[in-house]
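Protein chains in written order, with the UniProt record's numbering: chain A, 1 to 125; chain B, 1 to 125. From the three backbone atoms N, C-alpha and C, an ideal C-beta is built for every residue, glycine too. This one's a predicted model, so the numbers in the text were calculated from it and none came from an experiment. Have a look at the structure below, then the notes.
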DNA sequence: TCATATAGGGATAAATTATTCCCCTATTGT
DNA sequence: ACAATAGGGGAATAATTTATCCCTATATGA
């Protein structure tokens with residue numbers, strides 16, 4: 001496990017939410033769990049660009065931060081289900097607000113982002 | 001300048017907002033500019049944990065993404081002021097929602113975060 | 001017997017992000 | 001002459017985060 005070398009700031013609300021929501025896929029994980037996709041394999045299919053490994057790691061962090069719970073069914077083949085905790089549910093409206101802003105300004109965002117990516121293999125469609 | 005090797009996803013609103021808002025200090029920069037701290041040196045004093053360098057870099061990215069404008073006064077010593085664009089202003093309510101959630105759940109967040117930091121030199125006060 | 005699906009972990013490499021250090025301009029104050 | 005302040009940039013390195021690859025286990029279906 002990675003051990004942080006720089007102590008994080010936990011001064012204000014923005015620092016705090018950052019600590020639990022940063023991570024490339026965490027917001028999407030929360031969202032998909034919210035919309036009923038509870039099993040790890042479902043989540044992996046929903047987010048195919050993420051490696052299986054990171055999703056597991058980020059799910060574990062979400063669990064440690066008490067935003068989701070993990071229920072293991074003692075069957076074989078194994079079955080696991082994630083659910084939002086009551087605490088986790090309170091962050092959903094915030095995520096919805098993020099997504100809504102992104103959707104509302106989709107065209108403009110796509111435009112300014114693509115304009116400033118130096119990369120090569122963009123599919124500008 | 002760093003050239004990305006992995007093409008970002010720009011599928012949904014969450015991807016898009018992530019592209020412009022990710023970056024350790026961007027949200028705070030937008031917020032402080034919003035609250036009237038416009039000059040680089042002010043922002044650096046407001047965010048002392050960030051190196052001067054990153055703030056410049058992230059400010060430039062915010063400018064490229066058209067969330068802020070940079071006005072240079074041709075005086076000496078130099079004077080520069082950042083302002084939110086109309087587009088940038090539309091993201092402020094979203095940032096406010098993030099901060100508000102963090103503030104509302106401050107204690108619990110601090111608790112679960114500190115519980116799972118492996119580090120050593122925490123000032124748990 | 002072999003592939004698939006289920007869930008997950010360890011080790012390592014690569015990608016990305018942030019920090020540190022040192023540099024430049026010009027003016028004002030000591 | 002020298003330091004401080006204003007704004008900024010290049011290069012190298014450190015820190016952090018993700019990705020890749022390979023491994024475990026059991027059961028079912030071809």
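(request) Return the residues of the segment 97-111 of chain A that lie within a Cβ-Cβ distance of less than 8 angstroms from chain B, sorted by chain order. (result) 97, 98, 99, 100, 101, 102, 103, 104, 105, 106, 108, 109, 110
(request) Taking residue 38/A as the reference, give the member of 24/A, 19/A, 69/A with the closest Cα. (result) The count along the first chain starts at 1 and reaches residue 38/A at position 38. Checked all of 24/A, 19/A, 69/A; the closest Cα to residue 38/A is 69/A.
(message) Counting C-beta neighbours from all protein chains within 10 Å, is the total for residue 120/B 16 or more, i.e. buried, or is it exposed?
(response) Counting from one through the second chain, the residue named residue 120/B turns up at place 120. Caution is warranted here: a pLDDT of 41 is assigned to residue 120/B, below 50, making its placement in the model unreliable, and the coordinate value is therefore given only provisionally. Exposed is the call here.
(message) Let me check one thing: in DSSP terms, what residues is residue 72/A bridge-paired to?
(response) The residue given as residue 72/A occupies position 72 in the first chain. Answer is 80/A, bridged to residue 72/A.
(request) Using the Cα positions of residue 72/B and residue 83/B, report the straight-line distance between them to the nearest angstrom. (result) Here residue 72/B refers to the residue found at position 72 of the second chain. Here residue 83/B refers to the residue found at position 83 of the second chain. Cα to Cα, residue 72/B sits roughly 11 angstroms from residue 83/B.
(request) Would you identify the three-state DSSP class for residue 5/B, choosing helix, strand or coil? (result) Taking the first residue of the second chain as position 1, residue 5/B is located at position 5. In this structure, residue 5/B counts as coil in the three-state DSSP scheme.
(request) Could you work out which residue in 28/B, 12/B, 99/B, 60/B is closest to residue 105/A when comparing CA atoms only? (result) Within the first chain, residue 105/A is the residue found at index 105, counting from 1. The shortest C-alpha separation from residue 105/A is found at 12/B.
(message) Considering just the uninterrupted stretch of the alpha helix (DSSP H) at residue 66/A, what are its terminal residues?
(response) Walking along the first chain from the start, residue 66/A turns up at place 66. First-last for residue 66/A: undefined, no H or E at that position.
(message) For the ligand HEM, I want to know if residue 109/A counts as a neighbour, meaning its beta carbon is within less than 6 angstroms of at least one of the ligand's heavy atoms.
(response) Only the bare structure without any ligand can be found here, which leaves the ligand HEM out of the picture.
(request) Taking C-beta pairs closer than 9 angstroms, name the residues in chain A that residue 45/B reaches, listed in chain order. (result) Here residue 45/B is taken as the residue at index 45 of the second chain, counted from 1. Correct list: empty, because the minimum Cβ distance to chain A is about 15 angstroms.
(message) If the criterion is Cβ atoms closer than 7 angstroms, does the pair residue 88/B and residue 67/B meet it?
(response) Reading the second chain from its first residue, position 88 is the one you call residue 88/B. Reading the second chain from its first residue, position 67 is the one you call residue 67/B. Closer than 7 angstroms, so yes.
(request) Taking all protein chains shown into account, decide if residue 6/B is buried (16 or more other Cβ within 10 angstroms of its Cβ) or exposed. (result) Taking the first residue of the second chain as 1, we reach residue 6/B at position 6. Exposed, because fewer than 16 other Cβ atoms sit within 10 Å of the Cβ of residue 6/B.
(request) Could you name the residues of the same chain whose beta carbon sits closer than 6 angstroms to that of residue 23/A, not counting the 5 residues immediately before and after it, in chain order? (result) Within the first chain, the letter at position 23 stands for residue 23/A. Contacts found: 58.
(request) Output the residue ranges of the alpha helix (DSSP H) runs that lie fully inside the segment 91-118 of chain A and measure 4 residues or longer, sorted by chain position. (result) 92-104, 106-115
(message) On the criterion of 16 or more Cβ atoms from any shown chain inside 10 Å, does residue 36/B qualify as buried, or is it exposed?
(response) Stepping through the second chain from its first residue, residue 36/B is reached at position 36. Exposed: under 16 other Cβ atoms inside 10 Å.
(message) Going by C-alpha to C-alpha distance, which of 109/B, 86/B, 115/B, 9/B sits closest to residue 34/B?
(response) For the purposes of this step, residue 34/B is taken as the residue at position 34 of the second chain. Of 109/B, 86/B, 115/B, 9/B, the residue nearest in Cα terms is 86/B.
(message) Between 10/A, 4/A, 17/A, which has its C-alpha nearest residue 92/A's C-alpha?
(response) Within the first chain, the letter at position 92 stands for residue 92/A. It is 17/A.
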